[in-house]
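Shown next, in C-alpha cells, is the structure this report addresses.
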Amino acid sequence: RWLIGPHIVWQATDWWEHKLILSYDHERQLNDPNQDGFVGPTRALFERTTIDYQNDLRPTSWLTLTSGFFYSRVNAGQERPFVLQIFGPQPTFVSDHTEEIGGFLQATLTPIENLIFIAGGRFDHFNQFGDIWTYRFAGSYKIDKTNTTLHSSVATGFSPPSSQDKKQLRITAREKSRLGCRH
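As numbered in my numbering, residues 1 to 183 make up the sequence shown, in order.
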C-alpha cells in the first residue's frame with residue numbers, strides 16, 4: 001500500500017487563503033484466510049485519486065466566505081478465484097468504479113464577539129447516484145463567564161454506500177429517489 005498526498009497552502013494576503021490537497025492511494029490486498037465467507041484466498045486492488053480545494057476569503061472582519069470543489073475517482077476490484085459454479089456461471093472478479101464531483105459555498109458571519117452564524121450548501125454529482133444537494137444553517141454563542149457555548153444547527157447530509165454495500169444492497173431507482181438522488 002502507498003499514498004501520495006501533498007498539501008499546498010498559499011496565503012495570497014492576510015484576508016485570502018487557498019488550500020489544495022492532491023492525493024493518490026494505491027492498495028493491493030491478499031486475503032488468506034479469508035474473513036468474508038468465501039473459501040480460499042482472494043486478491044483486491046483499490047485505486048483512489050482525489051483533488052480537494054478550499055478558498056477562504058475574508059472581505060471584512062465579520063464575514064468569511066469559504067468556497068471550493070472536490071473530485072474523487074475510485075476503482076476497486078476483487079478477484080475471487082474459488083467461487084463455486086454449481087448454480088451456474090458466477091463472476092470470479094467483482095469491480096466497481098465511482099466518481100464524484102462537488103462544489104460548496106459557506107458564509108460565516110460574526111456580527112458581535114462570541115456570536116457566529118453559518119449558512120452553506122454543497123452540490124455533488126455521483127456517477128452512480130446522480131445529483132445531491134445538501135445544506136447547513138448553524139449558530140453559536142459563547143458565554144465567556146462560564147466558558148459555555150450554546151450551539152444549534154439544521155443540516156442535511158448524504159454518504160453514498162461503499163462498493164461492498166452496493167453489491168449487497170442492490171439499491172433500486174425508487175430507493176435512490178427516496179434518498180433524494182436525481183439523475
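Just so it is clear, CB atoms sit at the ideal spot from N, CA and C, and this is done for glycine as well.
Looking at C-alpha atoms only, which residue of the options is the closest neighbour of residue i?
i: Asn55; options: Ile118, Gln29, Phe129 and Trp10; result: Trp10
i: Arg73; options: Ser95, Glu99 and Gly130; result: Glu99
i: Phe129; options: Thr50, Ile101 and Thr49; result: Ile101
i: Ser67; options: Thr108, Asp96 and Asn147; result: Thr108
i: Thr60; options: Glu27, Leu45, Pro111 and Gly157; result: Pro111
i: Leu20; options: Thr50, Leu3 and Phe137; result: Thr50
i: Phe117; options: Ser140, Phe126 and Tyr135; result: Ser140
i: Val154; options: Arg43, Ala138 and Gly120; result: Ala138
i: Gly121; options: Ala44, Gln106, Arg28 and Phe93; result: Gln106
i: His151; options: Glu27, Trp62 and Leu115; result: Leu115
i: Ser95; options: Ala76, Gly88, Ile86 and Glu113; result: Ala76
i: Trp2; options: Arg48, His97, Phe93 and Pro89; result: Arg48
i: His125; options: Thr148, Ala119 and Tyr71; result: Tyr71
i: Ile143; options: Glu17, Glu113 and Phe158; result: Glu113
i: His26; options: Thr146, Phe46, Thr13 and Lys145; result: Phe46
By DSSP, does residue i sit in helix, in strand, or in coil?
i: Gly103; result: strand
i: Ser152; result: strand
i: Pro160; result: coil
i: Phe93; result: strand
Need the endpoints of the beta strand (DSSP E) that residue i sits in, please.
i: Arg136; result: Gly130 to Ile143
i: Ile51; result: Thr42 to Thr60
i: Arg1; result: Neither: Arg1 is in no beta strand (DSSP E) and is coded neither H nor E.
i: Thr146; result: It is not in any beta strand (DSSP E) - Thr146 carries neither H nor E in the DSSP assignment.
i: Gln118; result: A quick correction: the sequence has Ile, not Gln, at residue 118. Leu115 to Phe126 is the extent of the beta strand (DSSP E) around Ile118.
i: Ser67; result: Leu63 to Glu79
Can you give me the Cβ contacts of residue i inside the same chain, cut-off strictly under 6 Å, excluding the 5 residues immediately before and after it?
i: Gly103; result: Phe69 and Phe123
i: Arg235; result: What the structure shows of the chain is the stretch from 1 to 183, and residue 235 is not part of that stretch, so it cannot be assessed.
i: Gly5; result: Ser23
i: Pro133; result: The sequence given here places Trp at residue 133; Pro does not occur at that position. Taken in chain order, the residues that qualify are Phe123.
i: Ile8; result: Leu20
i: Ala44; result: Gln29 and Gln78
i: Tyr53; result: Leu20, Gly68 and Phe69
Per DSSP, which residues does residue i bridge with? Please list them.
i: Trp10; result: His18
i: Thr98; result: Val74
i: Ser23; result: Thr50
i: Ile112; result: Leu115
Verify the CB distance criterion: does residue i have a CB-CB separation below 8 Å to chain B?
i: Ile4; result: You won't find chain B in this structure, because it holds only one protein chain.
If you drop the 5 nearest sequence neighbours on each side, which residues of the same chain put their C-beta closer than 7 Å to that of residue i?
i: Thr156; result: Thr134 and Tyr135
Please work out which residues of its chain come closer than 8 Å, Cβ to Cβ, to residue i, disregarding the five sequence neighbours upstream and downstream, and give them in chain order.
i: Thr148; result: Lys142
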